[in-house]
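Numbered by numbering that gives the first Met the number 0, the letters in the sequence shown go through residues 0 to 232 in order.
Idealized CB from N, CA, C, for every residue including glycine.
Written out below as structure tokens is the structure these notes cover.
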Amino acid sequence: MVGDNYKRTLERVHKACERAGRDPSEVTLIAVSKTKPEDMLLEAYNAGAREFGENKVQELSHKMSSNILPKDIKWHMIGHLQRNKVKYIIDKVSLIHSVDSFRLAEEINIQAKKCGIIVPILIEVNAANEESKFGVSLEDAPELIRQIASELNSVRVTGLMTVAPYVVDSNENREIFHKIRDLSVDIDNEKIDNVSMENLSMGMSNDFEVAIEEGATIVRVGTDIFGERNYNI
Ligand SMILES: *Cc1c(COP(=O)(O)O)cnc(C)c1O
Numbered sequence: 000m001v002g003d004n005y006k007r008t009l010e011r012v013h014k015a016c017e018r019a020g021r022d023p024s025e026v027t028l029i030a031v032s033k034t035k036p037e038d039m040l041l042e043a044y045n046a047g048a049r050e051f052g053e054n055k056v057q058e059l060s061h062k063m064s065s066n067i068l069p070k071d072i073k074w075h076m077i078g079h080l081q082r083n084k085v086k087y088i089i090d091k092v093s094l095i096h097s098v099d100s101f102r103l104a105e106e107i108n109i110q111a112k113k114c115g116i117i118v119p120i121l122i123e124v125n126a127a128n129e130e131s132k133f134g135v136s137l138e139d140a141p142e143l144i145r146q147i148a149s150e151l152n153s154v155r156v157t158g159l160m161t162v163a164p165y166v167v168d169s170n171e172n173r174e175i176f177h178k179i180r181d182l183s184v185d186i187d188n189e190k191i192d193n194v195s196m197e198n199l200s201m202g203m204s205n206d207f208e209v210a211i212e213e214g215a216t217i218v219r220v221g222t223d224i225f226g227e228r229n230y231n232i
């Protein structure tokens, strides 16, 4: 079932690309597997999934060292990250999507340096200014990016990420995705050393097709692939 869901979601990603006149190779589908057991991840893997997203360090570490999951999986940290936990995942994740403060970027930089690596990060933007959400405001994002780029040399900003509001009609989020895209173009135009805007991580089960139409290069889909999450078990 998970395998079929994955394939169907990928098909929808491709269709959305077609509608938007984009090459499907421009958009990466991340299977968001938080709270789900490893055998379900394996089903998605067997259907072709190679990029997985988790939002908790402990669960991510656990799954990354699993014996049943293949080693060519690319792991994405998409949830709020505490500074004291950075060290547990630093050399094992392919992208950290959720950097929203200089202090967090600084800690990632320290740990990256220790490992002798350069860690790609995205800046999380709270585009709708929701109080319940993490992320910097659209207004503060450029300055944060400039500061990271000028002071930290073991992290590399490679784009933006946003978690749009929960809406019934996905079109309601179009403007938000558009704003993120505009912001990425503005930042790109600044030509800041060591900064690229190649990644726009936006769109979830509810709204990934609209996000693709508005320029997403990474969509993060959980429920449509793995089913509803049950946080009570
Ligand atoms: C859980 C989660 C998703 C996936 O959400 P679905 O609605 O289940 O597709 C995407 N992004 C982030 C940051 C998440 O925490």
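Query, Result
"Tell me whether Lys62 is buried or exposed, calling it buried when 16 or more other Cβ atoms sit within 10 Å of its Cβ.", "buried"
"Would you identify the three-state DSSP class for Leu182, choosing helix, strand or coil?", "helix"
"Considering only heavy atoms of ligand 1, does any lie closer than 8 Å to the CB of Asp99?", "no"
"What's the C-alpha gap between Thr34 and Ile224?", "13 Å"
"Kindly list the residues whose CB is nearer than 6 Å to the CB of Ser153, restricted to its own chain and excluding five residues on each side of it in sequence; keep chain order.", "Asn108, Ala111, Lys112 and Ile117"
"With DSSP collapsed to three states, give me the class of Thr161.", "coil"
"May I have the straight-line CA-CA distance separating Lys178 from Ala126, to the nearest angstrom?", "8 Å"
"If the criterion is Cβ atoms closer than 9 Å, does the pair Leu59 and Arg82 meet it?", "no"
"What I want to know is whether the C-beta of Arg219 ends up closer than 8 Å to one or more non-hydrogen atoms of ligand 1.", "yes"
"Do three or more CB pairs link the region 13-27 to the region 194-212 at distances below 8 Å?", "yes"
"Contact between the region 184-196 and the region 85-100 is defined here as three or more beta-carbon pairs at a separation below 8 Å; is this criterion met?", "no"
"Would you kindly work out how many angstroms separate the C-alpha atoms of Ala215 and Asn188, rounded to a whole number?", "18 Å"
"To the nearest whole angstrom, what separates the beta carbons of Ile122 and Ala148, a pair I think is in contact under 8 Å?", "Going by Cβ atoms, the distance from Ile122 to Ala148 rounds to 11 Å, so no, they are not a contact pair."
"Quick check on Ile175: does DSSP put it in helix, strand or coil?", "helix"
"Quick one: is the Cβ of Ser131 within less than 8 Å of any heavy atom of ligand 1?", "no"
"At a cut-off of 8 Å, would you count Asp223 as near ligand 1, judging by its Cβ distance to the nearest heavy atom?", "yes"
"Smallest Cα separation from Gly202: which of Val167, Ile67, Met160 and Phe133?", "Met160"
"Is Gly28 helix, strand or coil when you go by DSSP?", "Looking at the sequence shown, residue 28 is not Gly but Leu. Leu28: strand per DSSP, three-state reduction."
"In this structure, does DSSP put Glu208 in helix, strand or coil?", "helix"
"What I want to know is whether the C-beta of Asn205 ends up closer than 8 Å to one or more non-hydrogen atoms of ligand 1.", "yes"
"Quick one: using the 10 Å Cβ neighbour count with 16 as the cut-off for buried, is Pro69 buried or exposed?", "exposed"
"Give a yes or no on whether the C-beta atoms belonging to Glu37 and Gly2 are separated by under 9 Å.", "no"
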